[in-house]
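Worksheet for the structure shown next.
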Amino acid sequence: MRGLKRNPWLFGLGLLAIPVWFGGQAQADINNDQAGSLIIFPKVVADGERDTVIKITNKSNMPAYAHCYYTNALGTCDLAGSSCTDDNDCPGTGDSCNVLWQATNFDIFLTAQQPTFWRVSTGRFGDLLQPACEMGGSCACDVNGPSGALECPGFDAGAAGGINSIAIAGTGTDFFGELRCYQTMADQSTPLGQNSLVGEAIIETIASGQISTYDAVHVTGIDVGTDLDLLLDNAEYNACPEQLIFASHGEGASADIAGVTTTFSTELTLVPCTALYNLAQPVTASVNIFAYDELELRLSADGVPVTCFSNNRLDDPDYGGIFDAALGDRDYLKTRIVVNSSDICLTGDNAGDPCDDDGDCPNFRTTDGGEDLGCRPSPGVVGVVEEFYSTSAGDSGHAAWSLTQTGSRQGSDIIANPDLAAGSLP
Amino acid sequence: MLKKARLALFAGIVGLAMGPASMAQAQTSSDESAAILVWPKVVYDSAGVLFGDPTDTLINLSSTATSSLKQAHCFLVNATAHCSGGSGDGDACLSSSSCGGGTCVPGWNEIDFNVFITQEQPLAWLASDGLSMNDLPIVGPGVCSNSPRICFSDVQCGGGTCQIGPNGQNNLGTGVPPVPEDPFIGSLTCIQFDPGQNPPAPDQSATTNALIGEATVFTVPDPNTVDGAKYNAVGFKATEGDGADTDNVLELGTPLDGAGAPTADYDGCAGTLIFNHYFDGATDPVATGGVSSSNGETSTSLTLVPCGNNLLTQEPGAVVAQFLVFNEFEQRFSASTKVDCLFDSPISNIDTSNNARSIWSAGVSGTLTGQTRIQGVGNAATGTGLTGVATLSIATATASTSAAYSLDQMGSVAAGDLLTIP
Amino acid sequence: MRAKRIALTTALLGAFAVCTLAASVASAGVDHDRPGSILIFPKVVSSATRDTTIRISNTGNMTNQVRCFYLDGDTCGTIDFDLSLTKQQPTQWDVSNGRTVNLLDSFGSSGAGLDPGLIPAQGDFEGSVVCVEVVDDVPVAQNKLKGEAIIRDVTGGDDRNTSAYNAVAITSGTGSGTSDNELVLDGDEYAQCDTVHRVDFIPDDSPGLDPVLGETSSVVTNVTVLPCDLDFSRRAPTSVVLNATLWNEFEVQTSGPDTSFSCWASFSIDPASLNPATTFATVEYSASSPVVMVVESFHSDTGLGVSGSAARNVHTGGAASTSSITLSATP
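Chains as they are written, first to last, in the numbering used here: chain A, 1 to 426; chain B, 1001 to 1422; chain C, 2001 to 2331.
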């Protein structure tokens, strides 16, 4: 495109080092376009400026139950008092971001083929008496006065049931994090590999009405056990990918779009595949990020931590400027996110440190299902990308899209759930 | 009480559904690299004649190969319809209503081109511009391998080779034409070829399935506003069982051998496409000023293209799309329409020209959101597979915004599809 | 004309591009005065007042591929980039600007010459740069790299102080090298780091005077230290305790204070334990984990309104225990 002019290839580059790598990779089976038994919405925003609509559909002819977790990664800068998701959001000297990574859970129930939705900040109110929309009239939700939740026509998905009660609780306007739901039996706890769930999210900027949509990450259940430890190991559930790939504009690049000079900024959201809901403890994954430009030149940010939830523009200090478009006309980039392959202590005194065996992780924890949370493969990650457009008048539209996935991780991720019936919450 | 009763009923039968779904999984994907990429919707409309606002599409094509040059042989299908007769004779149109008494006649023709893409390289171009020689990142000059001489081709090296670009990989041979008319609507299909083959043939090397792509449909309603709707291209991977052969008939999915392994060239199209959506006319539950009647109104457009085409004889695939629509009351509706070359329409115009009476209208369906399942049927020689993309738009009295998303897939087309190339 | 000259040069170099391996010259030790396979610039600064120019040269007659890492001393975060140095090629870049690939840079500009690769810019940076010889991303020790760092005042005032030091060069070991991303500094794969680091200095408390400038002068000596155990793949900081042993001009030995740090540290030598204080002293650091070090002295005179700075390498000795540098795996 003419808006993305390249420098002509300069022959001196013929001597540059180019990595040589042959051989195909096994394909990951986690996906964005097929139904799953575990669905992950990596980016859910309800912070007062933006809000999210979650849409989930049961694509099977059987009812579907699911147990869901919101994880709020929005914290507060200790000194500045402003909202943050990591320390880079608190640039003041000595300031840091205090995040609790608080998980809240709820259940949903969908009849055969039922679609449902809710607005994250308000949640949805269960009211079967809410009249269906009619031709010629508007089709809108009402607001339940006391709770502020939406009352919408249709079977609400709240598994709590009942009339005049909260079906799905709202998060309020202080939420930035992820949502994941795993399909269960009727007890809303025991995992079930029925692969019935399809999810999408709409993120909307309230002031402008601009929207982005993305498909949830769907994890296929293969041979799902009945314990509360979901193993993403290509045996119980499909494993997380070894690499994630996306193409984007260089951060700050500009192009002429239909006669309007448009500047591009990209936001990358990553979450670890592993989650320890049983311990209410954040998990840190580590990834190496490689950015290639149109001349095949490669820059990388190494060992980038993904603690519970990572949401950063590409000019974030964590990425060290490798996406900077101003660094030599780098209008367009392709990025590989490679999960660190070494083992780490998932819990215990040396949590987060590399390890060779469980002995390197004293006092590691064990799940209710007996799964050791000691020395395990470094957690995989999944995510979503959102691109923001601005013109001379300021911020304009935005659009999200899914990451391309490749390879399967060696070893497994785990989603450890508390046994609510046994009262094993930490 | 009703709800509880409903819960109890289904709780009683849920035990029957504990096993994994038995239906074979779809093979195409929008989140993995592949050997064939399909961008179902490519539009350009500089004056907003068809789409209301100036519109253009940014095509992204990247190679995930880490060690070799790849060639994408691409087919740009022009599905722009034109008025025949009437006061708008010859004008591009979406329906006959804009033809001033004439008829809106669907069009279909294709042009093809090559893109040579080096290892790990990202490329991008606007549909309105294409990629000319001057836009290519790596085109030379190079250096002769046998002497300190600048060169553009081996001929200049007296027996040596002219090395242009890292490891001798460059974009020479690439030429992407701009879309052939304005306004334009169509689709793009790129097939990974092996640039080392003579004559050119689909890539059978170990590094096939190396292409990824996205498209961003930009809408520019005014000089201060740029809105983008971005989606991933749909990918068909070369099958591991048989692999792409070198003839010009590309088998997409099935048949299977005795052991159930695929013998087709590429993975097949989904048997069923599924997407969640607002029903058209629903009020956006998130909007300025909270939930009120002034909230934006939603509409969703659906773009479908047949997986099979005969590009040799210029015969587009023709598939009848059957739709099953479920609302939040578990009520089911159905409809069907013909997908001839390319189908692009608001969902509430699939079954009727009167949006308000459509089964995809919120006023008819009764709820804000729904699920639509799409299955292709018919007897076209090119097969019955479909693929596509959905675009959600929310319009208020003063502004409009849109976002695209991929269709979910389930199962495989039983008989497979055929993509015949020149 | 310019393009032609560059082209000829490039073409000549290109003829050698296919030959990437040279015979290694085994040379155990961590040096500042001979080429190595791992170059470490312990102190690299880019701020509103100071900038650093990194210079690296290939001393071999074959193309040398290099993978370099910026290590942020504050966050322990790392980013990396690739260089390709033609035979005997020197190259340089300012940390604040990085370097782009553009052979059309005019003569005399900072980017003139054969660009070795794309080098990201770093602003508001304090940390280190580590460069490793590789072939197609696989570490291959050839002992052909040498480097210097020049730290400059960029405020534009009258005092444009400049400090320079040689990069620490770690040579190949006596063994057959490595083919993985963990570079073991054990004397076999690569030379070990040193056990002791000795620095002569003018104590800055009493009297703390520059012997040349006089009564209104002061001298501050700054030590920058980087662990030899580096894990670039995980941003895993290494914790180190530095034990200081000091001697004054009366041969009186004292110790402390010890310094604990994680990842990277830059601090002024604390002469508090010197007893009695003298105008000149020496300190020897031993570390709980192998380290490399560089020193920078700042001399100033408030009466004269002048200042100056100078960096230098430290005197070292002994072979430390095994340490390792883990590179991030490439795709």
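The beta-carbon is built from N, C-alpha and C at its ideal position, and this holds for glycine as well.
To which residues of the same chain is residue 353 of chain A closer than 7 Å at the C-beta, ignoring the five residues directly before and after it?
Non-local C-beta neighbours of residue 353 of chain A in its own chain, meaning closer than 7 Å and more than five positions away in sequence, comprise 344, 345, ordered along the chain.
Whose C-alpha, out of A/111, A/215, A/61, A/54, is nearest the C-alpha of residue 386 of chain A?
The residue among A/111, A/215, A/61, A/54 with its C-alpha nearest the C-alpha of residue 386 of chain A is A/215.
Does DSSP put residue 43 of chain A in a helix, in a strand, or in coil?
Strand at residue 43 of chain A.
Secondary structure, beta strand (DSSP E): runs of 3+ residues fully inside the region 1029-1061 of chain B:
Runs found: 1036-1044.
Tell me which residues of the region 333-351 of chain A have at least one Cβ-Cβ distance to chain C shorter than 9 Å, keeping chain order.
For the region 333-351 of chain A, the set of residues with a beta-carbon nearer than 9 Å to any beta-carbon of chain C comprises 336, 338, 340, 341, 342, 344, in chain order.
List, in order along the chain, the chain A residues whose C-beta lies closer than 8 Å to that of residue 2233 of chain C?
Result: 286, 288, 302, 303, 340, 342.
Anticipated Cβ contact below 8 Å, residue 283 of chain A with residue 337 of chain A, distance rounded
Contact between residue 283 of chain A and residue 337 of chain A does not hold, since their C-beta atoms are separated by about 17 Å, which reaches or exceeds 8 Å.
Label residue 371 of chain A either buried or exposed according to how many other C-beta atoms from any shown protein chain fall within 10 Å of its C-beta, with 16 as the threshold for buried.
The residue in question, residue 371 of chain A, is buried, as its Cβ has 16 or more Cβ neighbours within 10 Å.
Identify, in the order they occur along the chain, each residue of the same chain with its Cβ nearer than 6 Å to the Cβ of residue 2061 of chain C, setting aside the five sequence neighbours on each side.
Exclusion of the five residues before and after residue 2061 of chain C leaves 2087 as the residues of its chain whose Cβ lies within less than 6 Å of its Cβ.
Which class does residue 1168 of chain B belong to by DSSP, given the choice of helix, strand or coil?
Per DSSP, reduced to three states, the secondary structure at residue 1168 of chain B is helical.
Less than 8 Å between C-beta atoms, sequence neighbours within five positions excluded: which residues of the same chain meet that for residue 2098 of chain C?
Counting only Cβ-Cβ distances below 8 Å, and skipping sequence neighbours, we find 2118, 2119, 2120, 2121, 2122.
Is the number of C-beta pairs between the region 59-68 of chain A and the region 83-99 of chain A that are closer than 8 Å three or more?
Not touching, per the Cβ criterion.
Name the two residues that bound the continuous alpha helix (DSSP H) containing residue 1363 of chain B.
Element bounds for residue 1363 of chain B: 1362-1365.
Keeping to the same chain, check which residues put their C-beta closer than 7 Å to that of residue 2256 of chain C; ignore five residues upstream and five downstream.
If we look at residue 2256 of chain C and ignore the five residues flanking it on each side, its Cβ neighbours are 2244, 2273.
Name the residues in the region 306-325 of chain A whose C-beta lies less than 9 Å from a C-beta of chain C; which are they?
In summary, the residues of the region 306-325 of chain A whose CB is separated from some CB of chain C by less than 9 Å are 317, 318, 319, 320, 321, 322, 324, in the order they occur in the chain.
Look at residue 1075 of chain B and residue 1311 of chain B and say whether their C-beta atoms are less than 8 Å apart.
Yes. Within cutoff.
Below 8 Å, can you find three or more Cβ-Cβ pairs linking the region 2033-2042 of chain C to the region 2128-2138 of chain C?
Here the region 2033-2042 of chain C lies against the region 2128-2138 of chain C, with 3 or more beta-carbon pairs under 8 Å apart.
DSSP state of residue 1097 of chain B, grouped into three classes?
Note: residue 1097 of chain B maps to helix in three-state DSSP.
Which of the three DSSP states is assigned to residue 21 of chain A in this structure?
Note on residue 21 of chain A: pLDDT 29, under 50, position unreliable in the model; the coordinate value appears next. Coil at residue 21 of chain A, not helix or strand.
Let me check understanding here. Comparing Cα to Cα, which of C/2295, C/2085, C/2071, C/2037 lies closest to residue 2058 of chain C?
Minimum Cα distance to residue 2058 of chain C is reached at C/2085.
Would residue 1280 of chain B and residue 1303 of chain B be called neighbours here (beta carbons separated by less than 8 Å)?
Their beta carbons are not under 8 Å apart, which means residue 1280 of chain B does not touch residue 1303 of chain B by this criterion.
Measure the alpha-carbon distance for residue 342 of chain A versus residue 204 of chain A and round it to whole angstroms.
Residue 342 of chain A and residue 204 of chain A have their C-alpha atoms roughly 38 Å apart.
With H, G and I counted as helix, E and B as strand and the rest as coil, what does DSSP make of residue 1127 of chain B?
Three-state DSSP puts residue 1127 of chain B in coil, outside helix and strand.
Does the Cβ-Cβ distance between residue 1161 of chain B and residue 1067 of chain B come in under 8 Å?
It is not a contact, given that the beta carbons lie outside the stated cut-off.
Report the three-state DSSP secondary structure of residue 153 of chain A (helix, strand or coil).
Residue 153 of chain A: coil per DSSP, three-state reduction.
By Cβ distance below 6 Å, which residues in the same chain neighbour residue 1045 of chain B in space, the five residues on each side in sequence not counted?
Within the same chain, residue 1045 of chain B has close Cβ partners 1051, 1055, 1183.
How about residue 1328 of chain B and residue 199 of chain A: are their beta carbons less than 8 Å apart?
Here residue 1328 of chain B is not near residue 199 of chain A, since their CB atoms are 8 Å or more apart.
Following the continuous beta strand (DSSP E) through residue 1272 of chain B, name the residue where it begins and the one where it ends.
That run of the beta strand (DSSP E) goes 1270-1278.
Count the other C-beta atoms from every protein chain shown that fall within 10 angstroms of the C-beta of residue 2080 of chain C, then say buried if there are 16 or more, exposed otherwise.
Residue 2080 of chain C is buried by the Cβ-count criterion.
So residue 167 of chain A is in the beta strand (DSSP E); what residue range does that whole segment cover?
Looking at the DSSP string, the run of the beta strand (DSSP E) that includes residue 167 of chain A is 165-169.
CB contact flag (residue 249 of chain A, residue 36 of chain A, <8 Å):
No, these two residues do not count as a Cβ contact at 8 Å.
Against chain A: residues of the region 1215-1239 of chain B by CB proximity under 7 Å:
Identification of residues in the region 1215-1239 of chain B having a C-beta nearer than 7 Å to some C-beta of chain A yields 1216, 1218, 1220, 1223, 1224, 1225, 1226, 1227, 1228, 1229, 1230, 1231, 1232, given in sequence order.
Beta-carbon proximity of residue 1139 of chain B to residue 1072 of chain B, cut-off 8 Å
Here residue 1139 of chain B is not near residue 1072 of chain B, since their CB atoms are 8 Å or more apart.
With 16 other CB atoms within 10 Å as the buried threshold, where does residue 44 of chain A fall?
The Cβ neighbour count for residue 44 of chain A, taken over all protein chains shown within 10 Å, is at least 16; the residue is labelled buried.
Considering only C-alpha positions, which residue in the set C/2056, C/2100, C/2276 is nearest to residue 2249 of chain C?
Minimum Cα distance to residue 2249 of chain C is reached at C/2276.
Does any residue of chain A have a CB that is nearer than 8 Å to the CB of residue 2081 of chain C?
Chain A, which has a Cβ nearer than 8 Å to the Cβ of residue 2081 of chain C, makes this yes.
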